[in-house]
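Participant:
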Amino acid sequence: MQLRSNFLAALAVQALFANEALSFESIVRPFFPAMQEAMQKTGAGFNWANHEVHTDDGYILNLFRLLPAGVKRASDCADCFGQPVFLMHGMGANGSRWLNRINEDIDPLAIALAKRGYDVWLGNGRGNHMSSEHEHLNWIIDEEKYWDYSYPEMATNDLPAMLNTVYEETGRQKINYIGISLGTTQVLYALSHEKTQ
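The sequence shown lines up with residues -23 to -1, 1 to 174 when you count with mature numbering (1 follows the signal peptide of the UniProt record, and there is no 0).
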């Protein structure tokens, strides 16, 4: 009986996601409230701005920039930002992980850096719920094509696209980079690959 119930539940979920009329926006856009909640939990009063970044192979990434308290747009406060620092998450994570408080007495890394005057940018690699869009593919309908990538594509397409956005927005020649897990693998691969140099 339990097996039959699980099977029926699986069929219902499959039917839901197989329906092409299902709003793609309703699935991928919930990250904005999730990001807002992560920012509020820090209790630091910072805002954030989203930069939509397109890669050479069509993935659409969301790159977040922390803004000082009370600032709604980066252009409102050009003098508020110090040296840029780009934080890249690890496998199975997203940019909001840098806002997670591990110890109540210690600020999350992104907030600690922002409080010290750094211009903090949170990267989001392809395929996580904060960067799941594509110019031509739907991650549900075109599942096989959408998910056909690995860390080399993330290193040679995602990372340069995001870092170029940081360069363009800040006008700075130097960007500090902090990566964890896959975020470190990506930058090491990118630095050793001819295409990204």
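The beta carbon of each residue, even a glycine, is placed where N, CA and C say it ideally should be.
Between which two residues does the beta strand (DSSP E) carrying V62 extend?
Facilitator: 61 to 65
Participant: Cα-Cα, which of L168, Q150, G67 is closest to I157?
Facilitator: When the alpha-carbon of I157 is set against those of L168, Q150, G67, the nearest one is in G67.
Participant: Can you tell me which of the three DSSP states Y154 falls into?
Facilitator: strand
Participant: What do you get for G22, buried or exposed, if any count of 16 or more other CB atoms within 10 angstroms of its CB means buried?
Facilitator: With fewer than 16 other Cβ atoms within 10 Å, it is exposed.
Participant: Could you tell me which whole beta strand (DSSP E) segments of length 3 or greater appear in the segment 41 to 119?
Facilitator: Given a length threshold of 3 residues, each whole run of the beta strand (DSSP E) inside the segment 41 to 119 is given here in chain order: 61 to 65, 96 to 99.
Participant: From what residue to what residue does the alpha helix (DSSP H) around A138 run?
Facilitator: 136 to 147
Participant: Per DSSP, what are the beta-bridge partners of W25 in this structure?
Facilitator: L43
Participant: When the Cβ atoms of the segment 120 to 134 are set against those of the segment 41 to 48, are three or more pairs found closer than 8 Å?
Facilitator: Pairwise C-beta distances place the segment 120 to 134 out of contact with the segment 41 to 48, as fewer than three of them are shorter than 8 Å.
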